[in-house]
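For reference, the structure discussed in these notes is given below.
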Amino acid sequence: MPVRVRIAPSPTGFLHIGTARTALFNWLYARHEGGEFRLRIENTDTSREVAEAVDQIQESLRWLGLDWDGPHTFQLDRMDDCRRLAEQLLAEGKAYEDDGAIRFRMPDEGVTAWEDVVRGRIEYPNDKLHDIVLARSDGRPTYNFASPMEDVWDGITHVIRGDDHIPNTPAQINIVRAVGAEVPVYAHVPMIFGMDGKKLSKRHGAQAVEEFRDAGYLPETMLNFLALLGWAPDGETTIMGRDELVSRFDLTRVSSSPSPFDYQKRAWMKGGYIRELTSEEFAHRLVLWLGEHGYDWDAELVSRAAPLVQEKIARLAEFPGFAGFFFHEVEPDAADLDGGGPMLAAADDALAGLQPFEAAEIETALRATADRLELKPRQAFQPIRVAVTGSKISPGLFESIELLGREKTLSRLRAAVDAM
Ligand code: GLU
Numbered sequence: 155m156p157v158r159v160r161i162a163p164s165p166t167g168f169l170h171i172g173t174a175r176t177a178l179f180n181w182l183y184a185r186h187e188g189g190e191f192r193l194r195i196e197n198t199d200t201s202r203e204v205a206e207a208v209d210q211i212q213e214s215l216r217w218l219g220l221d222w223d224g225p226h227t228f229q230l231d232r233m234d235d236c237r238r239l240a241e242q243l244l245a246e247g248k249a250y251e252d253d254g255a256i257r258f259r260m261p262d263e264g265v266t267a268w269e270d271v272v273r274g275r276i277e278y279p280n281d282k283l284h285d286i287v288l289a290r291s292d293g294r295p296t297y298n299f300a301s302p303m304e305d306v307w308d309g310i311t312h313v314i315r316g317d318d319h320i321p322n323t324p325a326q327i328n329i330v331r332a333v334g335a336e337v338p339v340y341a342h343v344p345m346i347f348g349m350d351g352k353k354l355s356k357r358h359g360a361q362a363v364e365e366f367r368d369a370g371y372l373p374e375t376m377l378n379f380l381a382l383l384g385w386a387p388d389g390e391t392t393i394m395g396r397d398e399l400v401s402r403f404d405l406t407r408v409s410s411s412p413s414p415f416d417y418q419k420r421a422w423m424k425g426g427y428i429r430e431l432t433s434e435e436f437a438h439r440l441v442l443w444l445g446e447h448g449y450d451w452d453a454e455l456v457s458r459a460a461p462l463v464q465e466k467i468a469r470l471a472e473f474p475g476f477a478g479f480f481f482h483e484v485e486p487d488a489a490d491l492d493g494g495g496p497m498l499a500a501a502d503d504a505l506a507g508l509q510p511f512e513a514a515e516i517e518t519a520l521r522a523t524a525d526r527l528e529l530k531p532r533q534a535f536q537p538i539r540v541a542v543t544g545s546k547i548s549p550g551l552f553e554s555i556e557l558l559g560r561e562k563t564l565s566r567l568r569a570a571v572d573a574m
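Heads up: the sequence shown begins at 155 in this note's numbering, then just goes up one per residue.
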């Protein structure tokens with residue numbers, strides 16, 4: 155039977171990184187096996203309007219590049235089927251009525267066991283299993299009934315989900331058996347924790363995929379990082395593109411121990427991805443990100459500034475702070491210009507008639523000026539950097555001056571002198 159997996163998020167508002175990681179493992183497994191990855195919205199327990207949450211989930215999955223097969227489905231649409239089936243189980247004596255609810259009759263003896271791909275054999279003594287409710291007295295099916303039945307109806311071959319669902323599994327297996335269907339393979343992947351060993355929460359940092367996107371992380375960084383939460387192809391490789399992840403992913407190598415979410419490590423990986431993009435692609439991502447985040451900056455100028463920052467920033471969101479001086483006026487801190495007056499004035503002279511106004515010539519001219527004033531390069535260039543970019547940290551000074559252009563450079567040098 156061809157592999158078919160699914161992700162079944164509850165529509166709670168946004169795609170949590172834990173759910174995203176589970177989605178990724180499902181997707182990687184499906185793509186690796188040439189199977190299908192389905193998206194099912196598990197809204198049995200939600201009565202409120204979920205359209206927006208569903209959009210959010212899809213938007214985040216799309217951003218990560220986790221494409222699903224076929225239309226997304228809603229658990230709520232299966233409610234009538236569930237109700238009918240509950241009645242049938244009742245008629246067959248596999249379930250019984252209790253205060254108007256329909257309860258499943260669990261086996262009393264023996265064990266319910268399965269070979270979990272991640273955890274190995276898991277076994278529950280049947281006398282410990284509760285007769286769970288299939289349909290409530292108002293007719294509403296429960297999650298523990300609807301979820302395994304949907305897996306059956308959708309032909310799900312492998313249920314890959316968080317290990318918080320292990321306690322639900324024996325009941326779900328018994329229900330699947332009761333309807334005479336084949337029990338899927340289960341793979342329970344470990345929960346994600348903070349570096350302090352506590353369950354991941356707001357306190358640790360961003361939780362929603364959307365937040366990482368807003369912070370300017372690249373989707374491929376995120377994907378690679380999520381893939382390594384509980385899985386590794388070997389002891390060494392850490393940087394992998396989408397195709398490599400698909401070809402190397404191995405569900406049997408997923409670890410059963412909790413996966414620590416190391417926000418610092420991510421900080422390290424993300425820069426690598428930006429540097430690996432071609433300069434055109436990097437510029438393209440920047441333009442898109444800026445547009446999505448309310449920056450009405452000239453795309454042409456963004457594209458020309460991009461190569462100057464590609465080696466220096468780790469997230470797209472750092473661009474406005476780092477290269478904003480190309481797009482708006484600057485307000486240098488007078489203290490940072492301290493003692494730079496003579497150099498600023500001399501730089502003004504040196505650059506006023508310089509031809510051509512290009513980085514190499516600008517550098518030669520400014521170095522000669524510094525020599526003449528008997529200043530070390532650092533001493534000489536810092537006030538210029540501050541005057542022109544508004545900051546002590548900037549892209550390469552000479553390239554920046556070239557791109558900024560003579561007119562703006564000179565006016566900023568003069569404004570700084572005047573401000574002193
Ligand atoms: N809605 C469940 C969750 O988000 C999924 C349960 C399942 O995958 O079976 O954890």
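Heads up, the beta-carbon is just placed ideally off N, CA and C, and yes, glycines get one too.
Using a 10 angstroms sphere on the CB of T173, the tally of other CB atoms reaches 16 or more, which defines it as buried. Ranked by Cα distance from D490, the first of K356, R315, A325 and V571 is V571. In the three-state DSSP reduction, A369 falls in the coil class, being neither helix nor strand. Remark: the C-beta of S164 is in contact range of the ligand GLU, defined as less than 6 angstroms to any heavy atom. Counting only residues of its own chain and dropping the five nearest sequence neighbours on each side, R158 has a CB closer than 6 angstroms to the CB of G189, E190, G309, I310 and T311. Between I286 and F258 the beta-carbon gap is near 5 angstroms, inside 8 angstroms, which marks them as a contact.
For the beta strand (DSSP E) assignment, the uninterrupted runs of no fewer than 3 residues enclosed by the stretch 317–399 are, from N- to C-terminal side, 339–343 and 346–348.
Following the DSSP letters along the chain, one finds Y449 in no beta strand (DSSP E), marked with neither H nor E.
Using a Cβ distance threshold of 7 angstroms, R160 and R185 do not count as a contacting pair. When secondary structure is reduced to three states using DSSP, P279 falls in the strand class. For W385, the closest C-alpha among the options G426, G224 and V343 is that of V343. Taking a C-beta distance under 7 angstroms as the contact criterion, R273 and S410 qualify as a contact pair.
Judged by pairs of C-beta atoms under 8 angstroms, the stretch 164–172 touches the stretch 358–374, as three or more such pairs exist. T227 carries a strand assignment under DSSP once its states are collapsed to helix, strand and coil.
Within the chosen limit of 6 angstroms, the ligand GLU reaches the beta carbon of E196 through at least one heavy atom.
Beta bridge pairing from DSSP links S411 with no other residue. With fewer than 16 neighbouring CB atoms inside 10 Å of its own CB, P531 falls in the exposed class. Proximity of the beta carbon of S433 to the ligand GLU is not indicated: no heavy atom of the ligand is located closer than 6 angstroms. For R192, the enclosing beta strand (DSSP E) begins and ends at E190 to I195. Here the distance from the Cβ of S301 to the nearest heavy atom of the ligand GLU is below 6 angstroms. D292 sits exposed, since fewer than 16 C-beta atoms from the chains shown fall within 10 Å of its C-beta. The DSSP-derived three-state label of T173 is helix. Contact annotation: E304 and R232 have beta-carbon atoms nearer than 7 angstroms. Take the alpha-carbon of G370 and the one of M497: they are about 37 angstroms apart. Minimum Cα-Cα distance from F403 among the listed residues K562, A325, Y417 and N378 corresponds to N378. Taking C-beta atoms as the reference points, Y183 and L405 count as a pair closer than 7 angstroms. K282 and D262 have their C-alpha atoms some 8 angstroms from each other. Close CB contacts of L444 within its chain, under the 6 angstroms cut and outside five residues either way in sequence, are with W451 (chain order). The beta carbons of F479 and T543 sit closer together than 7 angstroms. Here R429 really is in contact with E465; their C-beta atoms are around 6 angstroms apart, less than 8 angstroms. Per the coordinates, the alpha-carbon of L520 lies some 6 angstroms from the alpha-carbon of A501. Pairing V441 with A459 gives a Cβ-Cβ distance that is not under 7 angstroms.
Sequence-distant partners of I547 (beyond 5 residues in either direction) whose C-beta falls short of 8 angstroms from its own C-beta, in its chain, are F476. Taking the C-beta atoms as reference points, A573 is found nearer than 7 angstroms to A488.
Exposure of Y417 is indicated by the presence of fewer than 16 other C-beta atoms within 10 angstroms of its C-beta. Across the structure, N322 and H284 are spaced so that their CA atoms are roughly 11 angstroms apart.
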